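First comes the structure, then the notes that go with it.
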Amino acid sequence: MLTSTHSRTAARRALVAISLTAIAGFMVTACGGSTGSAGGPGNHGPTTAVTGSNHDGMPGMADMPTGDGLTADASGFRFAGATSSLPAGQPASFQFRILNADSKPVTAFEPDQTKLMHFYLIRSDLTGFQHIHATMSTDGTWTAPLAPAQPGTYRAYASFITKDASGKAVALVLSQLVTVPGTAIVTPLPAASPTTQVDGYTVTLSGDRIMAGIEHPLTATVSKDGQPVTDLQLYLDTYAHLTAFHDPDLAFAHLHPHGAVNGDHGGPVLSFEAILPKSGNWRLFLQFQTAGVLHTAAMTLSVG
Ligand SMILES: [Cu+2]
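What the sequence shown shows, in the numbering used here, is residues 193 to 496, in sequence order.
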């Protein structure tokens, strides 16, 4: 296993693809806010309560979440799913509300990357990723239309920005467990690798080896048939959307590439400032769009 020895500066400039286990990380501009975690029944793993992370009135540009998204409660808000189970192998709707400290449903949200609510689902073996923009009815009930899910234990996350009682924007990632009944067939986590293929595209990550809790530059380069791809379209106001889940506790991290956008001309290089709060393996889901089609590349990254 090689580990890059390039300096951060060199890594930014040279995009030298480095070897296995050398990459990971996220959390970049414009996402999230505080999240917390607590070990409830069935929770996988350690939890760290985190609060705070308010912003100074920049809707859509709230600070990144600083927690791990492993709790249903944080900063006086609660993620309340209408159910904790979903049918196996068929499309389903997952409904939930965000409750405030008075247990009243929140109905006022602020856009984050153009959306009021980002909903994610991931299975305990880090398969079955879904990223959905739920819609809200006037009473504050959100509905996420889900693709068929295979049996197993999942974690469902709501990522959003709202205002606290004092009117300050607060960005949160809250979650709960969801079960899909039946016999779960567990897929071993693929080995860490900086490269993966999706829909004919090759995505290669490069950068210094990421160490837990420390911001590192991370780049993803998109190519097709050996040629750099330069027709990435805007997806949620940026050229890539990167979500990461930690193995095995399903801690959540999220980041966006920085840099200016220029119509449907994104790529081939996407640059991130990555922070992954825990060491070990993370499963990354990099989403990008070309010709109106969204692609999701999955990679395993090892964080030191
Ligand atoms: Cu989203």
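Glycine included, C-beta positions come from ideal geometry on N, C-alpha and C. Bear in mind the structure is a predicted one, so any value in this text is a computation, not a measurement.
Let me confirm a value: residue i is counted as buried when at least 16 other C-beta atoms fall within 10 Å, else exposed. Which label applies?
| i | result |
| --- | --- |
| residue 264 | buried |
| residue 399 | buried |
| residue 229 | Note that residue 229 scores 32 on pLDDT, short of 50, meaning its location in the model is unreliable and no value can be drawn from it. |
| residue 234 | For residue 234, the predicted structure reports a pLDDT of 32, less than 50, and the residue's modelled location is therefore unreliable. A value from the coordinates is still provided. Per the 10 Å Cβ criterion, exposed. |
| residue 293 | exposed |
| residue 454 | exposed |
| residue 485 | exposed |
| residue 467 | buried |
| residue 327 | exposed |
| residue 457 | exposed |
| residue 378 | exposed |
| residue 341 | buried |
| residue 482 | buried |
| residue 441 | buried |
| residue 391 | exposed |
| residue 329 | exposed |
| residue 367 | buried |
| residue 281 | exposed |
| residue 386 | buried |
| residue 411 | buried |
| residue 226 | At residue 226 the pLDDT is 31, less than 50, meaning the model places this residue with poor confidence; the figure from the coordinates comes in the next sentence. The residue in question, residue 226, is buried, as its Cβ has 16 or more Cβ neighbours within 10 Å. |
| residue 300 | exposed |
| residue 469 | buried |
| residue 363 | buried |
Measuring only from the beta carbon, is residue i closer than 8 Å to any heavy atom that is part of ligand 1?
| i | result |
| --- | --- |
| residue 425 | no |
| residue 323 | yes |
| residue 486 | no |
| residue 481 | no |
| residue 351 | yes |
| residue 310 | yes |
| residue 419 | no |
| residue 428 | yes |
| residue 287 | no |
| residue 305 | yes |
| residue 433 | yes |
Can you tell which of the options has the C-alpha that lies nearest to the C-alpha of residue i?
| i | options | result |
| --- | --- | --- |
| residue 471 | 460, 424, 492 | 492 |
| residue 371 | 468, 401, 315 | 315 |
| residue 311 | 487, 426, 444 | 444 |
| residue 431 | 459, 475, 407, 473 | 459 |
| residue 402 | 422, 384, 301, 344 | 384 |
| residue 306 | 487, 433, 440, 451 | 433 |
| residue 336 | 295, 273, 304 | 273 |
| residue 354 | 276, 262, 298 | 298 |
| residue 261 | 462, 473, 438 | 438 |
| residue 289 | 478, 351, 408, 418 | 351 |
| residue 423 | 267, 461, 309, 301 | 461 |
| residue 477 | 416, 420, 417, 389 | 389 |
| residue 323 | 333, 302, 332, 347 | 347 |
| residue 375 | 349, 317, 429, 343 | 343 |
| residue 463 | 270, 362, 338, 396 | 396 |
| residue 495 | 450, 285, 270, 406 | 406 |
| residue 359 | 302, 277, 421 | 302 |
| residue 317 | 425, 287, 473 | 473 |
| residue 349 | 356, 357, 365 | 365 |
| residue 426 | 321, 450, 369 | 450 |
| residue 452 | 446, 429, 465 | 429 |
Tell me the DSSP bridge mates of residue i?
| i | result |
| --- | --- |
| residue 492 | 475 |
| residue 387 | 396 |
| residue 317 | DSSP, once it has assigned bridges, lists no residue as partnering residue 317. |
| residue 344 | 372 |
| residue 297 | 291 |
| residue 482 | 485 |
| residue 326 | None; residue 326 has no bridge partner. |
| residue 307 | 304 |
>> Going residue by residue through the stretch 253-294, where are the continuous beta strand (DSSP E) segments of at least 3 residues, counting only ones entirely within it?
In response: 269-273, 284-291
Contained alpha helix (DSSP H) runs [length at least 4] in the stretch 407-457, N- to C-terminal order
none
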